[in-house]
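So the sequences go chain by chain: A and B. In terms of full-length UniProt numbering, the first sequence opens at residue 1 and continues consecutively. In terms of full-length UniProt numbering, the second sequence opens at residue 1 and continues consecutively. Here's the structure, in structure tokens; my notes come after.
There are 2 protein chains.
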Amino acid sequence: MHVLVIGAAGMVGRKLVEQLAADQAVFGFEVSRLTLADAIESPVPPALQDVATVLTMDLAEPGEPEKLIAGRPDVIFHLAAIVSGEAEVDFDKGYAVNLDGSRALFEAIRHENMREPYFPRVIFASSIAVFGQPFPEKIGDEFFTTPLTSYGTQKAITELLLADYTRKGIFDGIGIRLPTVCIRPGKPNKAASGFFSNILREPLVGQEAVLPVDESVRHWFASPRAAVGFFVHAARLDTARIGPRRNLTMPGLSALVGEEIEALRRVAGDKAVSLIRREPDPAIEKIVTGWATDFDARRATELGFRAETSFDDIIRIHLEDELEGKHP
Amino acid sequence: MHVLVIGAAGMVGRKLVEQLAADQAVFGFEVSRLTLADAIESPVPPALQDVATVLTMDLAEPGEPEKLIAGRPDVIFHLAAIVSGEAEVDFDKGYAVNLDGSRALFEAIRHENMREPYFPRVIFASSIAVFGQPFPEKIGDEFFTTPLTSYGTQKAITELLLADYTRKGIFDGIGIRLPTVCIRPGKPNKAASGFFSNILREPLVGQEAVLPVDESVRHWFASPRAAVGFFVHAARLDTARIGPRRNLTMPGLSALVGEEIEALRRVAGDKAVSLIRREPDPAIEKIVTGWATDFDARRATELGFRAETSFDDIIRIHLEDELEGKHP
Numbered sequence: 001m002h003v004l005v006i007g008a009a010g011m012v013g014r015k016l017v018e019q020l021a022a023d024q025a026v027f028g029f030e031v032s033r034l035t036l037a038d039a040i041e042s043p044v045p046p047a048l049q050d051v052a053t054v055l056t057m058d059l060a061e062p063g064e065p066e067k068l069i070a071g072r073p074d075v076i077f078h079l080a081a082i083v084s085g086e087a088e089v090d091f092d093k094g095y096a097v098n099l100d101g102s103r104a105l106f107e108a109i110r111h112e113n114m115r116e117p118y119f120p121r122v123i124f125a126s127s128i129a130v131f132g133q134p135f136p137e138k139i140g141d142e143f144f145t146t147p148l149t150s151y152g153t154q155k156a157i158t159e160l161l162l163a164d165y166t167r168k169g170i171f172d173g174i175g176i177r178l179p180t181v182c183i184r185p186g187k188p189n190k191a192a193s194g195f196f197s198n199i200l201r202e203p204l205v206g207q208e209a210v211l212p213v214d215e216s217v218r219h220w221f222a223s224p225r226a227a228v229g230f231f232v233h234a235a236r237l238d239t240a241r242i243g244p245r246r247n248l249t250m251p252g253l254s255a256l257v258g259e260e261i262e263a264l265r266r267v268a269g270d271k272a273v274s275l276i277r278r279e280p281d282p283a284i285e286k287i288v289t290g291w292a293t294d295f296d297a298r299r300a301t302e303l304g305f306r307a308e309t310s311f312d313d314i315i316r317i318h319l320e321d322e323l324e325g326k327h328p
Numbered sequence: 001m002h003v004l005v006i007g008a009a010g011m012v013g014r015k016l017v018e019q020l021a022a023d024q025a026v027f028g029f030e031v032s033r034l035t036l037a038d039a040i041e042s043p044v045p046p047a048l049q050d051v052a053t054v055l056t057m058d059l060a061e062p063g064e065p066e067k068l069i070a071g072r073p074d075v076i077f078h079l080a081a082i083v084s085g086e087a088e089v090d091f092d093k094g095y096a097v098n099l100d101g102s103r104a105l106f107e108a109i110r111h112e113n114m115r116e117p118y119f120p121r122v123i124f125a126s127s128i129a130v131f132g133q134p135f136p137e138k139i140g141d142e143f144f145t146t147p148l149t150s151y152g153t154q155k156a157i158t159e160l161l162l163a164d165y166t167r168k169g170i171f172d173g174i175g176i177r178l179p180t181v182c183i184r185p186g187k188p189n190k191a192a193s194g195f196f197s198n199i200l201r202e203p204l205v206g207q208e209a210v211l212p213v214d215e216s217v218r219h220w221f222a223s224p225r226a227a228v229g230f231f232v233h234a235a236r237l238d239t240a241r242i243g244p245r246r247n248l249t250m251p252g253l254s255a256l257v258g259e260e261i262e263a264l265r266r267v268a269g270d271k272a273v274s275l276i277r278r279e280p281d282p283a284i285e286k287i288v289t290g291w292a293t294d295f296d297a298r299r300a301t302e303l304g305f306r307a308e309t310s311f312d313d314i315i316r317i318h319l320e321d322e323l324e325g326k327h328p
């Protein structure tokens with residue numbers, strides 16, 4: 001089977017590929033060919049050198065999605081996106097990549113399908129940013145999508161397209177509404193949600209981190225390991241079980257920023273906590289408090305998707321996966 | 001004020017313009033200029049000859065939306081669409097007009113707004129086709145949009161764009177989710193919902209009509225007069241009362257096809273009813289039974305939108321507005 005990962009240099013993309021390198025049967029089928037596409041060069045784990053091709057491309061450029069589909073990948077992970085903060089500032093760029101890029105990909109599949117029968121599975125990284133305040137205490141699976149960011153709008157639109165193309169028999173789509181992934185490894189990116197990770201990741205290695213919102217902010221989280229698990233599960237899943245409602249809110253952990261900090265204190269002590277510097281940022285606060293805080297993700301849970309149930313687990317996974325099980 | 005009606009030759013468009021001709025203060029402001037745009041030539045009532053300009057254009061053609069916006073209309077009624085049946089058969093055409101045409105219009109406003117401050121009101125004709133089975137008994141205002149047609153998908157996407165452009169301060173948008181308009185005057189069009197009107201309109205003038213679905217089909221209706229009323233009300237409304245959730249399910253009447261027929265019997269007798277010929281069409285039945293049947297349209301009702309409460313009223317309005325109060 002030929003697997004295509006779009007956004008393979010991003011955090012979840014890289015971890016998904018590493019997971020495949022560690023267990024080449026993880027998707028339940030043999031990966032004979034792997035195409036890794038991103039705007040920057042995607043890393044290739046040594047174990048996958050023989051099957052991997054790396055493409056550096058811009059999904060929003062005319063003709064690029066067609067090139068990706070010319071190789072008729074059987075399973076497509078579509079993880080590429082302009083992140084929320086950037087899509088809010090650069091209206092044109094956000095729509096060009098997050099909406100037009102996704103739609104051009106879907107259109108390339110449709111045209112390939114019209115040329116010669118072709119029916120790939122498309123697993124799309126959506127986001128809980130499709131929801132907007134005010135919310136019920138727990139957001140159920142049938143709650144409406146009224147995003148309060150352009151990023152969330154672009155994700156919600158792509159979800160609708162994914163469902164329509166699936167309904168028309170063009171491809172076999174699954175939308176994975178990711179919780180905020182935490183603890184993100186590496187350096188801060190432009191996502192407005194970055195601080196949720198920064199305030200744990202940086203103090204765990206003795207660095208300062210900035211907290212731009214109040215500790216009473218509640219949010220919805222899953223670890224990078226859980227996020228990769230969602231995509232792996234979506235590749236293995238019998239999609240007949242999903243029905244026409246192809247976009248699924250993933251399970252996650254609902255927690256306060258204050259609870260993150262208390263978990264940090266239990267794992268790494270007061271000294272780590274003292275490295276969190278409060279620096280309120282009304283722009284970040286405005287975006288973040290428009291986001292969802294808690295879900296009843298029943299459908300995805302019934303379909304076998306799983307996430308963490310405590311911030312202690314989320315921190316432990318970070319220590320295991322990023323810091324070889326230790327912290328200073 | 002300059003008013004632009006896109007889709008002015010369509011049924012609701014024509015009736016909206018006729019309403020304006022009959023009462024030039026109906027929108028609560030003076031209409032000093034009226035632009036009527038459609039793919040076919042829009043009729044101009046004599047009372048509006050002095051202020052009206054007619055444009056024959058294809059909203060999906062590059063450059064056409066910009067021409068509409070160059071005149072900086074203050075209030076824009078966007079009623080243009082490829083209907084559901086046609087959008088389902090012609091995937092490209094449906095997306096080109098219903099999605100790309102709408103988006104190009106919104107983009108033209110954004111670019112005009114960037115050139116020189118400009119903030120029109122945009123009143124968009126959406127549809128209950130944004131919803132898809134299975135439904136709760138009554139669909140509330142926070143139910144999710146999972147359309148089961150490409151037409152519904154295109155409407156749901158345009159709703160999301162409308163809300164995002166409004167949130168960004170580009171225009172002042174309102175999405176009007178129309179019930180199925182019944183009794184549609186004139187000739188049948190390609191809408192899958194056409195028969196709901198045909199089985200009343202044709203027998204009322206002694207003609208046969210085809211019923212392609214079972215009498216137990218339940219659906220959601222409003223008269224053409226109520227539909228025009230929604231758009232007039234949207235033009236007059238204080239939009240500060242709406243908040244960021246700009247797409248409103250309009251009030252309507254939930255009724256069975258059998259109830260339509262019984263109302264016809266009360267108004268026009270058994271002879272009229274005998275003109276309805278049963279001719280089941282699985283393709284129509286499949287589309288229609290995927291549609292919504294009943295709503296709790298609380299938000300729109302609280303905002304002052306009104307519809308009929310019985311099919312006897314809907315038939316009476318048809319007799320008054322289309323048949324000079326009589327039937328044969």
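Yeah, the Cβ is synthetic: ideal placement off N, Cα and C, and Gly gets one too.
Sequence-distant residues of the same chain with beta carbon closer than 7 Å to residue i, five excluded per side
i: residue 69/A; result: 108, 109, 112
i: residue 62/B; result: none
i: residue 309/A; result: 253
8 Å CB neighbourhood of residue i in its chain, flanking five on each side removed
i: residue 326/A; result: 319
i: residue 147/A; result: 129, 130, 131, 132, 153, 155, 156
i: residue 290/B; result: 132, 133, 148, 149
Proximity winner among the options, relative to residue i (alpha-carbon distances)
i: residue 158/B; options: 211/B, 98/B, 196/B, 209/B; result: 98/B
i: residue 80/B; options: 14/B, 135/B, 22/B; result: 14/B
i: residue 187/A; options: 168/A, 269/A, 207/A; result: 207/A
i: residue 211/A; options: 221/A, 193/A, 266/A, 239/A; result: 193/A
i: residue 180/A; options: 290/A, 1/A, 252/A, 256/A; result: 252/A
i: residue 256/B; options: 214/B, 267/B, 240/B; result: 214/B
i: residue 175/B; options: 185/B, 183/B, 184/B, 162/B; result: 162/B
i: residue 28/A; options: 238/A, 72/A, 60/A; result: 238/A
i: residue 164/B; options: 169/A, 23/A, 88/A; result: 88/A
i: residue 135/B; options: 292/B, 271/B, 272/B, 121/B; result: 292/B
i: residue 273/B; options: 281/B, 284/B, 258/B; result: 258/B
Rounded C-alpha distance that separates residue i from residue j
i: residue 142/B; j: residue 86/B; result: 29 Å
i: residue 229/A; j: residue 305/A; result: 8 Å
i: residue 45/A; j: residue 4/A; result: 15 Å
i: residue 92/A; j: residue 219/B; result: 40 Å
i: residue 106/A; j: residue 150/B; result: 14 Å
i: residue 242/B; j: residue 52/B; result: 31 Å
i: residue 32/B; j: residue 122/A; result: 52 Å
i: residue 171/A; j: residue 120/A; result: 5 Å
i: residue 270/A; j: residue 11/A; result: 29 Å
i: residue 331/B; j: residue 199/B; result: Here chain B covers residues 1 to 328 and nothing more, so residue 331/B does not appear.
i: residue 60/B; j: residue 115/B; result: 23 Å
Other residues of its chain near residue i: CB distance less than 6 Å, five sequence neighbours each side excluded
i: residue 263/A; result: 311, 312, 315
i: residue 42/B; result: 8, 9, 36, 54
i: residue 47/A; result: 21
i: residue 275/B; result: 203, 208
i: residue 166/A; result: 173, 246
i: residue 267/A; result: 315
i: residue 140/A; result: 296
i: residue 332/A; result: No answer is possible for residue 332/A: it lies beyond the span of chain A, which begins at 1 and ends at 328.
For residue i: DSSP bridge partner residues
i: residue 38/A; result: 56/A
i: residue 195/B; result: Note: residue 195/B sits in no beta bridge, so no partner.
i: residue 181/A; result: 222/A
i: residue 247/B; result: 175/B
i: residue 143/B; result: 143/A
i: residue 75/A; result: 3/A, 121/A
i: residue 276/B; result: 209/B
Partners in chain E for residue i, counting only beta-carbon separations shorter than 8 Å
i: residue 145/B; result: Judged by its chain identifiers, the structure shown contains no chain E, and its protein chains are A and B.
Residues, ordered as in the chain, of the stretch 151-178 of chain A that lie near chain B by beta-carbon distance below 8 Å
153, 156, 157, 160, 161, 163, 164, 167, 168
The stretch 242-267 of chain A: which residues have C-beta closer than 7 Å to a C-beta of chain B, in chain order?
244, 245
Which residues, in order along the stretch 119-135 of chain B, keep a beta-carbon less than 8 Å from a beta-carbon of chain A?
132
What residues from the stretch 34-50 of chain A come within 9 Å of chain B, judged by C-beta to C-beta, listed N to C?
none
Interface positions of the stretch 92-116 of chain A facing chain B (Cβ-Cβ less than 7 Å), listed along the chain
none
Closer than 7 Å between beta carbons: that is the criterion. Which residues of the stretch 186-210 of chain A meet it against chain B?
none
Along the stretch 283-302 of chain B, where does the CB come closer than 7 Å to a CB of chain A? Name the residues.
none
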